[in-house]
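If you're matching positions, the sequence shown starts at 15 in my numbering and goes up one per residue.
Reviewing the structure listed below.
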Amino acid sequence: MPRLPHPELRRPRVTALLEALVRFPSLSGEEADVAGWLARFLREEGQEVGRVDDNVHFSIGSGHPTLLLASHLDVVPASEGHPHPPFTPTVEGGRMYGRGTVDAKGSVAAMATALLELADEGWAPRKGRVIAAFTACEERGWPYNGLQALRPHLEPIDAALVGEPTSLRPVTAQKGLLILRVESSGRAAHAARAAQGENAILKAARDLVRLEGHRLDRVHPLLGETTATVTTIEGGTARNMVPDRCAFHLDVRTTPAYTHGELVRHFEELFESAVHVHSDRLVPVETAADERVVRACRAATGIGETIGSPTLSDWIFLKDRPVVKIGPGDSELSHTPGESMPLDELERGVAVYRRIIEEYFAP
């Protein structure tokens with residue numbers, strides 16, 4: 015099992031912790047080893063640790079309000095072209111390379127270190143609790159999600175930080191995902207007598223032509239436009255037969271400017287084919303600028319303007335509470351062979367999380 019370097023090596027705690035975490039190839043559904051190691055590490059650091067499935071949590075303070083810091087332990091599989099072995103953390107040019115350094119073990123390491131430092135200094139909210147939760151199956155997310163499974167076992171949450179790579183900029187809006195299956199029906203016939211049939215592929219093609227260049231009017235100030243992209247298409251069963259069925263999937267990246275119900279109705283009116291909802295549970299989310307957790311993030315980072323994020327996260331399982339998504343690392347490196355974390359930004363992440371916590375609980 016990975017071990018933290020000896021203190022005499024004077025490695026920053028957060029760097030050593032991230033290095034240990036990256037050594038676990040913790041794909042979604044395979045987080046047991048990393049969760050077990052992290053739970054033991056936190057206990058050795060003097061914390062009372064809880065574990066539900068492969069989800070680990072600990073806290074400092076008591077009572078309310080309760081601020082949750084949440085990030086995930088799972089990673090996507092390695093891909094071709096990694097400059098170093100993906101699960102052998104390698105430091106080069108001031109960056110740590112490895113799968114999960116950015117998405118999102120960097121946030122896990124920075125959040126855990128921030129709370130451990132505060133605990134070491136004897137700090138706790140005068141009134142309230144800070145909970146850190148490091149969970150499973152964020153990347154896969156269905157049918158099991160670690161944060162969703164863990165939340166009933168935690169104290170009621172008043173606000174949360176979701177640890178994802180945002181280059182330490184506060185994110186207060188996140189796009190959702192609506193997946194539609196659009197099905198056209200025709201009438202089968204022999205291809206030699208095509209006029210006797212009705213070609214379902216051509217009907218679907220007319221809908222795709224309608225979609226090309228089509229734009230929805232409402233634009234969200236942080237997330238921009240709602241976009242719709244065709245991702246699959248299937249139709250026909252034989253080369254000599256007029257197809258009576260054709261279907262395509264539409265990936266709709268949504269914003270709070272439209273409800274999912276409004277979008278379904280919009281595409282029902284746009285297409286001549288039938289529109290069916292394949293998935294609509296990942297709704298867009300947004301936190302108001304005047305929420306306490308947003309003010310704390312602004313004060314802690316010195317960044318007055320928040321931004322929006324096109325990528326999904328566990329925020330969806332906290333949509334009933336004010337949330338800010340924030341963490342070290344460049345989101346564009348997530349899931350790429352070049353995934354790597356600048357070590358100075360990782361250390362700055364610890365300081366930022368500490369300041370957010372202190373600002374949130376300031377009198």
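Here a beta-carbon is modelled for each residue, glycine too, at the ideal position from N, C-alpha and C.
Computed from a predicted structure; not experimentally measured.
From proline 19 to leucine 35, what does the alpha carbon distance come to, in whole angstroms? Within the sequence shown, numbered from 1, the residue matching residue 19 stands at position 5. Within the sequence shown, numbered from 1, the residue matching residue 35 stands at position 21. Reliability of the predicted coordinates at proline 19 is poor, the pLDDT of 47 falling under 50, and no value is obtained from them.
Through-space distance from aspartate 231 to arginine 362, alpha-carbon basis: By one-based count along the sequence shown, residue 362 stands at place 348. By one-based count along the sequence shown, residue 231 stands at place 217. A direct Cα-to-Cα measurement between arginine 362 and aspartate 231 gives close to 40 Å.
Less than 8 Å between the CB atoms is what I'm expecting for threonine 240 and threonine 268, so what's the real figure, rounded? Reading the sequence shown from its first residue, position 226 is the one you call residue 240. Reading the sequence shown from its first residue, position 254 is the one you call residue 268. Confirmed, Cβ separation roughly 5 Å.
Compute the Euclidean distance between the alpha carbons of proline 91 and glutamate 153, then round it to the nearest angstrom. Position 77 of the sequence shown, counted from the first residue, corresponds to residue 91. Position 139 of the sequence shown, counted from the first residue, corresponds to residue 153. Rounded to the nearest angstrom, the gap between the Cα atoms of proline 91 and glutamate 153 is 10 Å.
Would a C-beta distance cut-off of 9 Å place threonine 186 and valine 48 closer than the cut-off? By one-based count along the sequence shown, residue 186 stands at place 172. By one-based count along the sequence shown, residue 48 stands at place 34. No; because the gap between Cβ atoms is not below 9 Å, this pair is not in contact.
Please identify the residue among Ala163, Ile317, Ala84 whose C-alpha is closest to the C-alpha of glycine 120. Here residue 120 corresponds to residue number 106 of the sequence shown, with the count starting at 1. Scanning Ala163, Ile317, Ala84 for the CA closest to the CA of glycine 120 turns up Ala84.
So, with DSSP's three-state summary, where would you put proline 351? Translated into positions along the sequence shown, residue 351 becomes position 337. Coil at proline 351, not helix or strand.
Mapping DSSP to helix, strand and coil, what is arginine 140? By one-based count along the sequence shown, residue 140 stands at place 126. If DSSP states are grouped into helix, strand and coil, arginine 140 belongs with coil.
So, with DSSP's three-state summary, where would you put valine 63? In the sequence shown, counting from the first residue as 1, residue 63 sits at position 49. In the structure shown, valine 63 sits in coil (DSSP, three-state: anything other than H, G, I, E or B).
Closest residue to histidine 378 among Asp88, His78, Thr80, Thr115 (Cα-Cα distance): Any property of residue 378 remains undetermined from this structure, which presents the chain solely from 15 to 377.
Classify tryptophan 156: buried if its beta carbon has 16 or more other beta carbons within 10 angstroms, exposed otherwise. On the sequence shown, residue 156 is found 142 positions in, with the first residue counted as 1. Counting other Cβ atoms within 10 Å of its Cβ, tryptophan 156 stays below 16 and is therefore classed as exposed.
Contact defined as beta carbons within less than 8 Å: I believe leucine 296 pairs with leucine 191. What is the distance between those atoms, to the nearest angstrom? One-based indexing of the sequence shown puts residue 296 at position 282. One-based indexing of the sequence shown puts residue 191 at position 177. For a cut-off of 8 Å, the C-beta gap from leucine 296 to leucine 191 is around 4 Å, short enough to register as a contact.
Take leucine 129 as the anchor and find which of Leu81, Leu277, Arg165 has the nearest alpha-carbon. Here residue 129 refers to the residue found at position 115 when the sequence shown is read from its first residue. The shortest CA-to-CA distance from leucine 129 to any of Leu81, Leu277, Arg165 is the one to Leu81.
Should the stretch 194-201 be called in touch with the stretch 211-229, which here means at least 3 C-beta pairs below 8 Å? These segments touch.
Exposed or buried, which one is aspartate 117 when buried takes at least 16 other CB atoms within 10 Å? Mapped onto the sequence shown, residue 117 falls at position 103. Looking at its Cβ environment, which holds 16 or more other Cβ atoms inside 10 Å, aspartate 117 is buried.
DSSP bridge partner residues for isoleucine 317 (one or two, in chain order): Here residue 317 corresponds to residue number 303 of the sequence shown, with the count starting at 1. Beta-bridge pairing links isoleucine 317 to no other residue.
Bridge-paired residues (DSSP) for alanine 150: As a position in the sequence shown, residue 150 is number 136, starting the count at 1. Its beta-bridge partners do not exist; DSSP assigns none.
Taking its Cβ as the centre, do 16 or more other Cβ atoms sit within 10 Å of serine 73, making it buried, or is it exposed? Translated into positions along the sequence shown, residue 73 becomes position 59. Classification for serine 73: buried.
Using the Cα positions of glycine 108 and valine 307, report the straight-line distance between them to the nearest angstrom. As a working mapping, residue 108 is identified with position 94 in the sequence shown. As a working mapping, residue 307 is identified with position 293 in the sequence shown. Cα to Cα, glycine 108 sits roughly 31 Å from valine 307.
Closer than 7 Å by C-beta to proline 139: which residues in its own chain qualify, once you throw out the five before and the five after it? Chain order, please. On the sequence shown, position 125 is the one that residue 139 refers to. Excluding sequence neighbours, proline 139 sits near Gly75, Phe375.
Report yes if the C-beta distance between aspartate 221 and valine 256 is below 9 Å; otherwise report no. Locating residue 221 in the sequence shown gives position 207, where the first residue counts as 1. Locating residue 256 in the sequence shown gives position 242, where the first residue counts as 1. Going by C-beta atoms, aspartate 221 is not nearer than 9 Å to valine 256.
Could you tell me the distance, in whole angstroms, from the CA atom of alanine 206 to the CA atom of alanine 218? The residue you call residue 206 lines up with position 192 of the sequence shown. The residue you call residue 218 lines up with position 204 of the sequence shown. About 21 Å.
Note the first and the last residue of the continuous alpha helix (DSSP H) segment covering glutamine 162. The residue labelled residue 162 in the question sits at position 148 within the sequence shown. Looking at the DSSP string, the run of the alpha helix (DSSP H) that includes glutamine 162 is 160-164.
So, threonine 251 versus aspartate 265, is the Cβ gap smaller than 9 Å? Numbered from its first residue, the sequence shown carries residue 251 at position 237. Numbered from its first residue, the sequence shown carries residue 265 at position 251. It is not a contact, given that the beta carbons lie outside the stated cut-off.
Return the CA-CA distance between histidine 234 and glutamate 282, expressed in angstroms with no decimal places. Counted from its first residue, the sequence shown places residue 234 at position 220. Counted from its first residue, the sequence shown places residue 282 at position 268. The straight-line gap from Cα to Cα measures roughly 22 Å.
Contiguous beta strand (DSSP E) assignments of at least 3 residues, all confined to the stretch 263-311: If one requires a minimum length of 3 residues, the beta strand (DSSP E) runs lying completely within the stretch 263-311 are 288-296, in chain order.
Per-residue DSSP class, three states only, for lysine 339: Looking up residue 339 in the sequence shown gives position 325. Three-state DSSP puts lysine 339 in a strand.
For leucine 236 and alanine 173, what's the separation of their Cα atoms in angstroms? Locating residue 236 in the sequence shown gives position 222, where the first residue counts as 1. Locating residue 173 in the sequence shown gives position 159, where the first residue counts as 1. Each residue's alpha carbon lies about 21 Å from the other.
Say whether chain B places a C-beta atom closer than 9 Å to the C-beta of histidine 280. The chain inventory of the structure shown lacks chain B, comprising one protein chain alone.
Could you give the residue range of the beta strand (DSSP E) that holds phenylalanine 72? The residue given as residue 72 occupies position 58 in the sequence shown. Per DSSP, phenylalanine 72 belongs to the beta strand (DSSP E) from 69-76.
Quick one: using the 10 Å Cβ neighbour count with 16 as the cut-off for buried, is asparagine 159 buried or exposed? For the purposes of this step, residue 159 is taken as the residue at position 145 of the sequence shown. Asparagine 159 is buried by the Cβ-count criterion.
Exposed or buried, which one is serine 93 when buried takes at least 16 other CB atoms within 10 Å? In the sequence shown, the residue the question calls residue 93 occupies position 79. Around the C-beta of serine 93, fewer than 16 other C-beta atoms lie within 10 Å, and the residue is accordingly described as exposed.
For the beta strand (DSSP E) holding leucine 194, just list the boundary residues, first then last. Here residue 194 is taken as the residue at index 180 of the sequence shown, counted from 1. Its beta strand (DSSP E) spans residues 190-199.
Measuring alpha carbon to alpha carbon, tell me which of Asp88, Asp344, Glu59, Ile193 ends up nearest glycine 43. The sequence position of residue 43 within the sequence shown is 29, counting from 1. Nearest of Asp88, Asp344, Glu59, Ile193 to glycine 43, Cα basis: Asp88.
Assuming glutamate 169 and isoleucine 145 form a contact by the criterion Cβ under 8 Å, report the distance between their Cβ atoms to the nearest whole angstrom. Within the sequence shown, numbered from 1, the residue matching residue 169 stands at position 155. Within the sequence shown, numbered from 1, the residue matching residue 145 stands at position 131. That belief holds up - the Cβ atoms of glutamate 169 and isoleucine 145 are roughly 7 Å apart, short of 8 Å.
Which class does histidine 98 belong to by DSSP, given the choice of helix, strand or coil? Position 84 of the sequence shown, counted from the start, is the residue given in the question as residue 98. In the three-state DSSP reduction, histidine 98 falls in the coil class, being neither helix nor strand.
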